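In this note's numbering, the protein residues as written are 1221 to 1359.
Beta carbons: idealized from backbone N, C-alpha and C, even for Gly.
Given the structure is predicted, the values throughout are model-derived calculations rather than measurements.
The block underneath contains the structure these notes are about, expressed in structure tokens.
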């Protein structure tokens, strides 16, 4: 595996563990690039700024907790296409409740880009059925 692929994977795992799972707004935003794109049910949601995503952060947290979510585990992650400034990652993830029981298992494609010498998640497309991961604003 190439060094830049390892850096992109490290960014994705850190974002998931420290930003998403711990609901840390700063890390959640700092490890993304903008515009940021989310593809779900064949609809593109484009967030031009950090504020557009942060504005729905609390709603997303509440929805996740209402569905019984406690954390998301990355079961597998691998680069499937890459160069020194862009890495396409295929992730296999599992949503878990507070007893660490899986209630949703899905695959997702993330594109991690290097802009101004910093890696960040810029695109995510998931096959996540019926679970909370998007609202009217696309997040």
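Query                                                                                                                                                               : Result
How would you call residue 1341, buried or exposed, if buried means at least 16 neighbouring beta carbons within 10 angstroms?                                      : buried
Please return the same chain residues whose Cβ sits closer than 6 Å to the Cβ of residue 1331, not counting the five positions on each side in sequence.            : 1308, 1342 and 1343
So, do the stretch 1238-1257 and the stretch 1272-1282 have three or more beta carbon pairs nearer to each other than 8 Å?                                          : yes
Would you kindly report the start and end of the unbroken alpha helix (DSSP H) that includes residue 1283?                                                          : 1277-1286
Helix, strand or coil for residue 1325? Go by DSSP, reduced to three states.                                                                                        : strand
Ordered along the chain, which non-local residues of its own chain (more than five positions away) have a Cβ less than 6 Å from that of residue 1345?               : 1259 and 1329
State buried or exposed for residue 1305, treating a residue as buried only when at least 16 other CB atoms are found within 10 Å of its CB.                        : exposed
In angstroms, rounded to a whole number, what distance separates the CA positions of residue 1238 and residue 1265?                                                 : 24 Å
Find the nearest neighbour of residue 1325 within the set 1334, 1277 and 1289, judged by alpha-carbon distance.                                                     : 1289
Which residue from 1303, 1286, 1279 and 1320 puts its Cα closest to that of residue 1294?                                                                           : 1320
Short of 6 Å in beta carbon distance, which residues of its chain neighbour residue 1224, apart from the five on each side in sequence? Order them along the chain. : 1304
Below 8 Å between beta carbons: does that hold for residue 1297 and residue 1233?                                                                                   : yes
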